[in-house]
Amino acid sequence: MASCLKKVVFLLLLSSLATQQHLCTADPTDGFTSVEFTDENRMLQKPYDKAPEDRYSKVDGVEKFWIYTNDKPFKEGSPTRPRTEIRITGHDYTSGVWQFEGNFFVPQGTSGAIIMQVFGAANEATTLQLRVINEDLKYYGNIVVAANIYSRWVRLNVIHNVGAGKVTMFIDSDQKLVVNDHGRATFYFKYGVYGALSGSSNYMESRWKGIKLFKK
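With mature numbering (1 follows the signal peptide of the UniProt record, and there is no 0) applied, the sequence shown covers -26 to -1, 1 to 190.
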């Protein structure tokens, strides 16, 4: 009887600890206020000689972006690499704490592609680039933020605290990396696919759903 009671008490303790752990696991969006985000806030940038449907689709809430390494830039005469991206408009910011949330899917074979950016910096183009290198998602191609991302949906949250000069990245609600930003500027978010690297795969694709913005 005593042995049975001990087992019951032990199981109750385990259950209590599991419940406490669940309650204490904060979501990256806790404490933030949702920002209105509609199709009017989506500006599509794609090769200038292609129709939107040749490099972008949206079906059942899933946005699909794709490019080839020999595609044209987004405007004639631009020295930039090929892209099919959404540039979020109407929510540029210079202060405060802002958050981007989205779920992405990268098919196997895509490599050398930037799939999300915080654009703007004091002395360079961007504050954050998340690049797919082989099967990993990396911060500017250097630090692994998420491993083995091919062919599965991944939740991404990026928090930019302008006052503190910090950018924090979460994968599937787990904090993965905190870095310094690159100085004050006017910032905005981008997502899709940008073939920024030499040696990238000929075909590059990312899919996105559940895009949300928050601030506090």
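We put the CB at the ideal spot given by N, CA and C, even for glycine.
The structure displayed is predicted, hence computed values, not measured ones.
query: Can you tell me which residues form a DSSP beta bridge with S8?; result: F188
query: How many whole angstroms separate the CB atoms of G139 and D155, which I take to be in contact at a CB cut-off of 8 Å?; result: 5 Å
query: Per DSSP, D148 forms a beta bridge with which residues?; result: I145
query: Check whether the Cβ atoms of L130 and F78 sit closer than 8 Å, and answer yes or no.; result: yes
query: Check each candidate in V106, L111, Q103, M17 and name the one with the smallest Cα separation from D66.; result: M17
query: How would you call D13, buried or exposed, if buried means at least 16 neighbouring beta carbons within 10 angstroms?; result: exposed
query: Mapping the DSSP letters down to three states, classify E37 as helix, strand or coil.; result: strand
query: Please look up how many angstroms separate the CB atoms of Y165 and I89, rounded, as I've assumed it's under 8 Å.; result: 7 Å
query: Report yes or no: do the segment 30 to 41 and the segment 94 to 103 share at least 3 C-beta pairs separated by less than 8 Å?; result: no
query: Taking all protein chains shown into account, do 16 or more other C-beta atoms lie within 10 angstroms of the C-beta of D1, making it buried, or fewer, making it exposed?; result: exposed
query: V71 and N145 - do their beta-carbons sit closer together than 8 Å?; result: Here residue 145 is Ile; the residue named in the question, Asn, does not match the sequence. No, they are not a contact pair.
query: Measuring alpha carbon to alpha carbon, tell me which of V106, V119, K112, N122 ends up nearest E179.; result: V106
query: Using only CA atoms, which one of E75, P56, E98, T101 lies nearest to A87?; result: P56
query: May I have the straight-line CA-CA distance separating S69 from N135, to the nearest angstrom?; result: 8 Å
query: Give the secondary structure of N15 by DSSP, where H, G and I count as helix, E and B as strand, and everything else as coil.; result: helix
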